[in-house]
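Structure first, commentary second.
Number of protein chains: 2
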Amino acid sequence: MSVLIVGSTALDSIKTPHAENPRLLGGSASHAAVAASFFSPVKLVGVVGEDFPQKYLRLYRRHQIDLEGLQIVPGKTFHWAGEYEVNMNHRRTLLTELGVFETFTPTLPSSHQDSPFVLLANIAPALQHHVLDQMRRPQFVVADTMDLWLNIALPDLLRLLRRIDGFVLNDSEAHQLTQEDNVFAAIRKIHTLGPRYVIVKKGSHGSILSGPRGYFICPAYPLSAVVDPTGAGDSFVGGLMGYLATARGPVERHFRRAMIHGSVVASFCCEGFGLTRTTRVKRAHIIRRVKELEKLTRF
Amino acid sequence: MSVLIVGSTALDSIKTPHAENPRLLGGSASHAAVAASFFSPVKLVGVVGEDFPQKYLRLYRRHQIDLEGLQIVPGKTFHWAGEYEVNMNHRRTLLTELGVFETFTPTLPSSHQDSPFVLLANIAPALQHHVLDQMRRPQFVVADTMDLWLNIALPDLLRLLRRIDGFVLNDSEAHQLTQEDNVFAAIRKIHTLGPRYVIVKKGSHGSILSGPRGYFICPAYPLSAVVDPTGAGDSFVGGLMGYLATARGPVERHFRRAMIHGSVVASFCCEGFGLTRTTRVKRAHIIRRVKELEKLTRF
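Shown next, in the form of structure tokens:
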């Protein structure tokens, strides 16, 4: 089955201690869509300006991403510039030019409105709501978020949590949302806010799934060098949703392996700037790392 | 087989946001010895003063810990006082009274000198050397350390790394020692300094083993409340060594399960002040959590 993915589509200028790369394809929806495309058909909903490079449209198409929901409108594409510190764990934003993203309304083509799997990638909660308002009874909805929305759009986000099946956030956001320092205590509180599935991302420490069958401790694939972590979280959730959409039978049965597949795609994302490494990945590479993770965690 | 454990034996006064407990049994050797005692006979080498409570000697004995190497000398027992912040991740030392520990020389009774398994728990590297100097060809030696020794005794520590089989440290110490921010890059450098086995502790994020058979990603047991993390790292390595000492055949074959058992004993340690929870643990409790960890990580 296909996954509908809505989120940001952007140009990212990224600086690390080792290199600088301007105007790479970025944004939560771009990373998630490419990641999901390894497993299932993807419908992308987003907005770009007239300056959006043709080569990036071709890149989406090479991944068989349905672009009917991608609006191309007069103006400039969302441009973000950021710089990573030496240890790659902290980054600072150098520039945010919203461009056409500022007035973006995610209007769904009618062919998108009955998508069974919906990923509300990181974007304002009001827009995530707007997408759900247009859907006809989706089978499984997952939302991602970021600290910005906890700060400036908390009521919208809390209302969203009652409309979704799965919620993805990182550990510091989980602490911020719940005022709980312990991640498992935080997860318990988040369940009471709505979602049956709570997924906490912990970067290089892996992630935690909490669902009807209890916890799953999901490892990160060991990388001895990280080139650029931008989009790793989006790749993780994109890979997860792509895997879930393609699996047969109840979602719960496949959730752990979906997490592992998301984790593996995220590891590739970290090995290149923007999407440069991810777009060169083949299914066989993913399968190999999944098998390695099996070996690395067995006891 | 038995494990020889040398390290500090102390009284810990511990303050957390929730409670305060004075003069608990503490020290790296105490935590490690109790943890190891669940799996194999333990010989403890340390020093205490005449003020050392009889009840703590009884506690050691209840765990069948051989106290022939525990020196009881005139003066005061090493007393440490510390306070944890709300999130339990940061602590500050309020007081350090070395007492009899200041002039401690770990002299081994002759019955201890052919112990097959040796754990050099956290203590000055010079003293760890002194123990090894007295040993007759031990089968397997593991050393733990702390940031203090990296700061004030680095040459001794580097010399020690060439004399041991396994080295245990936490992630920030690994970064400090190698100047590598990436933990896997750090591990690779530490191997070049000597030890065949490198174990990096990451607190609630679990630990990483690197050895002849590659990496093992070891989970922490999920705890939704941490009462007092003091000694968790010592419990981890103590449990690990106790398990290894009792297992038959080559060490390598049992190392992953040894890590898991260490991780489980450490989880109990965190659930009570000092050793109060650990000392109430039964083998059946440990086995149950090991099985749970198997379920929590399988995919």
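Quick note, the sequences are listed as chains A and B, same order.
According to the working numbering, the first sequence is numbered sequentially starting from 212.
According to the working numbering, the second sequence is numbered sequentially starting from 212.
The C-beta atom is built at its ideal place from N, Cα and C for all residues, glycine as well.
Those residues of the region 395 to 412 of chain A placed with their C-beta closer than 8 Å to a C-beta in chain B are Phe395, Ala396 and Arg399, ordered along the chain.
Residues Phe378, Ile398, Ile401, His402 and Ser421 of the same chain have their beta carbon placed closer than 7 Å to that of A/Val409, with the five preceding and five following residues left out of the count. According to DSSP, A/Lys226 shares a beta bridge with A/Glu231 and A/Glu294. When C-alpha distances from B/Ala436 are compared across B/Val297, B/Leu372, B/Leu278 and B/Gly442, the shortest belongs to B/Val297. The residues Leu222 and Glu308, in chain order, have a CB closer than 6 Å to that of B/His290 in the same chain once the five nearest residues on each side in sequence are set aside. A/Arg374 sits in coil when the DSSP states are folded into three classes, being neither helix nor strand.
Listed in chain order, the beta strand (DSSP E) elements of length 3 or more contained wholly in the region 404 to 492 of chain B are 408 to 412, 418 to 422 and 425 to 429.
Residue contact check for B/Asn393 against chain A: a CB pair falls below 9 Å. A/His229 is outside the set of residues whose beta carbon lies under 9 Å from a beta carbon in chain B. Identification of residues in the region 424 to 445 of chain B having a C-beta nearer than 9 Å to some C-beta of chain A yields Gly425, Tyr426, Phe427, Ile428, Cys429, Pro430, Ala431, Pro433, Leu434, Ser435, Ala436 and Val437, given in sequence order. Listed as beta-bridge partners of B/Gly257 by DSSP are B/Leu281. The Cβ-Cβ distance between A/Arg374 and A/Val352 falls below 9 Å. Linking B/Leu380 to A/Leu331 through their CA atoms gives a straight-line distance of about 40 Å. Any Cβ of chain B closer than 9 Å to the Cβ of A/Arg459 would place that residue at the interface, and such an atom is absent. DSSP, reduced to helix, strand and coil, places B/Ala243 within a helical segment of the structure shown. Distances from the alpha-carbon of A/Met299 to those of A/His496, A/His229 and A/Ser224 put A/His229 closest.
Counted as a single uninterrupted DSSP element, the alpha helix (DSSP H) harbouring B/Thr508 occupies residues Arg494 to Thr508. Under the three-state reduction of DSSP output, A/Ile334 falls in the coil class, being neither helix nor strand. The beta carbon of B/Arg509 falls within 9 Å of a beta carbon belonging to chain A, placing the residue at that interface.
Neighbours of A/Ile471 in chain B, taken as residues at a C-beta separation under 7 Å, are given in chain order as Phe510. For A/Phe328 against A/Val476, the beta-carbon gap comes to about 16 Å, at or over 8 Å, which does not count as contact. Taking a C-beta distance under 9 Å as the contact criterion, B/Phe479 and B/Ser446 qualify as a contact pair. Under the 9 Å criterion on CB atoms, B/Arg302 is classed as non-interfacial with respect to chain A.
B/Leu486 and B/Val448 have their alpha carbons spaced roughly 15 Å apart. Looking at the backbone, the Cα of B/Pro430 and that of A/Thr220 are separated by about 36 Å. Residues Ala221, Leu222, Val259, Gly260, Asp262, Phe263, Gly310 and Val311 of the same chain have their beta carbon placed closer than 7 Å to that of A/Thr288, with the five preceding and five following residues left out of the count. One thing to note: B/Thr457 has its Cβ no nearer than 9 Å to the Cβ of B/Ser322. Taking 9 Å as the threshold, the shortest C-beta distance from A/Glu463 to chain B does not fall below it. Annotation: Cβ neighbours of B/Asn298 in chain A (cutoff 7 Å, chain order): Asp392. Looking from the CA of A/Gln324, the closest CA among A/Arg500, A/His274, A/Asn393 and A/Arg348 belongs to A/Arg348. With respect to the 9 Å criterion, B/Thr356 and B/Leu369 are not classified as neighbours on the basis of their beta carbons. For B/Gly237, DSSP records a beta bridge to B/Ala221. Bridge partners of B/Thr304 according to DSSP: B/Gly293.
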